[in-house]
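See structure below.
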Amino acid sequence: MKKDYKNDSKKLTEALGGKENIKKVFHCMTRLRFYLNDKSKIDKDSINSLSEVSGINWHNDQLQIIVGNDVNEMYKELLALGAPSDDNSSDIETNSKGIVSKVVDSITGCMTPMIPALTAAGMIKVVLTLLTTFNLVETTSSSYQVINFIGDVAFYFMPFLIAANAAKVFHVNQALALIIAGVFLHPNFTAMIASQDPISLFGLPITKFSYAYSVIPVILMVWIMSYIEKLVDKITPRIFKLILNPTLIMLISAPIALIVVGPLGGLIGDWLAVAINFLSTKLGFVIVGILGATFPFIVMTGMHHALTPIGLNAIATGGADKLIFVSQVCSNIAQSGASLAVAVKSKDKDMKQLASASGISALMGITEPALYGVTLKLKRPVIAASIAAGIGGIVGGILQVSLYIAQNSIMAIPAFIGEAGMGNLLAGVIMIIVSFVASFILTILFGFKDINLEEKKN
């Protein structure tokens, strides 16, 4: 059945109190995010009755409507109806938020917009891995080298992607934020790092760190730049601001970045890697199981995006991730298994359709439709999926599964191929099968109270 995005968007706008009640709307991968003028004007029942909507979630003053794969189409129709947008979609409201919430929202704002780039890069690396595994491309050929660097670009120049997003989050001039990322990655500086000679700036030592693939140094530096910009703007005469402001900001920011913030961010990244290794060593397979089991509830808080830099840092520093993305694969596959089990067992036609689509979506790494629209709504399936993800995580931990590319879906299978050889691929496949089958069976065994979606809508 063809979806009527225009009509649903119109109904959604009315349920939100009209376009006049919408202060700002933007979206992430699966959710429409609204800031409203008056919360009391919204009609939750009308919103939940829409076929495109899987659920509603409040995060401080932000209303999040879970839509899933159709979020972009709904967003376009909302804009066409006059809903006010904000190009700074990473912008965050900071009033009445605690420090933890601010940090999580800031990291989310920096990381979420670049997910498509990382997904594309990861899939290109997966394709290259398959080409070499089946001897279709020689590793010594120029074709291999070209495809390899194309797949590496988004990861190597990740500081630029982060700087662009962080500039929106922290209200910093985007061009200056990108230049700071360039300071970290300039070929001359990279060559100086690789040399044996010490580096200093007017006698102040610059610690040698490689900032390619890095996450934390740029986020910290752009955040500090937000204060430097305000300070410089206060002290410069109005007539000279156009020239003095960017010049002074760069003259102050660049040395701080190279001498203090860059090395500090690099150390934090190293400490995170050490902490992950410590947890993996001391708790072994248990920590993978615990994280896998709790991931659905972490997603509900929005904190799963805050874990992404830790996983990326593990890949950048150690070549592979054995915890964050591995446990996320278990959780997402388990959500798929539970949702598809609901599709099989449910007697309601609409629930079958929703659960089937959501299950396939979860298999590809987009779990919000399955989580909010199916498993959490039916209660027992989310428990079954959580237990199954924990079991899958334990299996993955025991088999010491490693992911060499950031992936969180069934597409992780080729990403298991790496230094550990084909044995790691087999272990990863076993982990995925266990997560899916356990979730499917447990959902059937636990059962659930079937919901007639059409009756609920009416």
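The sequence shown maps to residues 209 to 666 in our numbering.
Cβ atoms here follow ideal geometry from the backbone N, Cα and C, with glycine treated the same way.
How would you call residue i, buried or exposed, if buried means at least 16 neighbouring beta carbons within 10 angstroms?
| i | result |
| --- | --- |
| LEU459 | exposed |
| LEU634 | exposed |
| LYS333 | buried |
| ASN343 | exposed |
| GLU285 | buried |
| LYS585 | buried |
| PRO324 | exposed |
| LEU287 | exposed |
| ASP253 | exposed |
| THR583 | buried |
| HIS235 | buried |
| ARG446 | exposed |
| ILE248 | Before going on, a small fix: residue 248 reads as Ser here, not Ile. Label assigned to SER248: exposed. |
| PHE357 | exposed |
| PRO589 | buried |
| VAL311 | exposed |
| LEU653 | exposed |
Pull up the CB-CB distance for residue i and residue j, whole angstroms please, since I reckon it's below 8 Å.
| i | j | result |
| --- | --- | --- |
| SER617 | GLY545 | At roughly 13 Å, the Cβ-Cβ gap does not stay under 8 Å, so SER617 and GLY545 are not in contact. |
| ALA501 | ILE595 | 7 Å |
| VAL603 | MET630 | Their Cβ separation, rounded to whole angstroms, is 18 Å, which puts VAL603 and MET630 out of contact at 8 Å. |
| ALA420 | TYR352 | ALA420 to TYR352, Cβ: 20 Å. No contact. |
| ASN268 | ILE274 | Contact doesn't hold; Cβ gap of about 17 Å is too wide. |
| VAL550 | THR651 | 6 Å |
| MET331 | ILE574 | At roughly 15 Å, the Cβ-Cβ gap does not stay under 8 Å, so MET331 and ILE574 are not in contact. |
| ASN521 | ALA481 | 6 Å |
At what residues does the beta strand (DSSP E) containing residue i begin and finish?
| i | result |
| --- | --- |
| VAL233 | 230-235 |
| TYR243 | 239-244 |
| ILE274 | 270-274 |
Check this for me: beta carbons of residue i and residue j, under 7 Å apart or not?
| i | j | result |
| --- | --- | --- |
| ALA597 | ALA542 | yes |
| ILE467 | LEU384 | no |
| GLY229 | ASN245 | Reading the sequence as shown, one finds Asn at residue 229 and not Gly. Yes, they are a contact pair. |
| THR340 | THR347 | yes |
| ILE315 | ALA563 | no |
| PRO321 | ASN381 | no |
| GLY527 | SER547 | no |
| PHE503 | ALA614 | no |
| GLY636 | VAL609 | yes |
| SER535 | GLY492 | no |
| LYS227 | ALA291 | yes |
| ILE436 | SER403 | no |
| ALA592 | SER647 | yes |
| ILE355 | LEU336 | yes |
| CYS318 | ILE476 | no |
| ALA620 | VAL537 | yes |
| SER309 | VAL233 | no |
Kindly indicate if chain E contains any beta-carbon less than 7 Å away from that of residue i.
| i | result |
| --- | --- |
| ILE591 | Of the chains in the structure shown, none is chain E; there is only one protein chain. |
For residue i, which residues in the same chain have their Cβ closer than 7 Å to its Cβ, ignoring the five residues on either side in sequence?
| i | result |
| --- | --- |
| LYS416 | ILE401, ILE407 |
| SER569 | GLY276, ASN277, PRO577, ALA578 |
| PRO425 | PHE392, TYR419, VAL469, GLY470, GLY473, GLY474 |
| LYS218 | LEU289 |
| ILE255 | LEU220, ALA223, VAL261, ILE264, ILE273 |
| LYS560 | ALA551, SER554 |
In chain order, what residues of the same chain lie with their CB nearer than 6 Å to the CB of residue i, ignoring the 5 residues before and after it?
| i | result |
| --- | --- |
| ILE506 | HIS512 |
| MET429 | ILE388, ALA465, VAL469 |
| GLU281 | TYR213 |
| VAL440 | ASN453, LEU456, ILE457 |
| VAL345 | LEU339, SER351, TYR352 |
| PHE378 | VAL430, TRP431, SER434 |
| ASP529 | GLY519, ALA522, ILE523, LEU611 |
| GLY517 | It is Pro, not Gly, that sits at residue 517 in the sequence shown. Closer than 6 Å at Cβ, skipping near neighbours: VAL423. |
| LEU499 | SER535 |
Quick one: what's got a C-beta closer than 8 Å to residue i's C-beta in the same chain, skipping five residues either side?
| i | result |
| --- | --- |
| LEU487 | ILE495, LEU531 |
| LEU412 | PRO463, ILE467 |
| ALA362 | MET322, ALA325, LEU326, ALA328, ALA329, LEU369 |
| GLN270 | ARG241, PHE242, TYR243, GLU301 |
For the alpha helix (DSSP H) holding residue i, just list the boundary residues, first then last.
| i | result |
| --- | --- |
| GLY470 | 470-491 |
| ASN616 | Unbroken run through ASN616: none, as it is neither H nor E. |
| ASN277 | Element bounds for ASN277: n/a, residue is neither H nor E. |
| HIS267 | Element bounds for HIS267: not the alpha helix (DSSP H) but the beta strand (DSSP E), 263-267. |
| LYS249 | Note, LYS249: premise wrong, no alpha helix (DSSP H); not H, not E. |
| HIS512 | 512-526 |
| ASP529 | Segment: none, ASP529 is in no alpha helix (DSSP H) and carries neither H nor E. |
| VAL590 | 588-606 |
| GLN404 | Unbroken run through GLN404: none, as it is neither H nor E. |
| SER564 | 557-571 |
| TYR352 | 350-364 |
| ILE427 | 424-443 |
| LYS310 | 307-319 |
| PHE392 | 382-393 |
| VAL645 | 630-654 |
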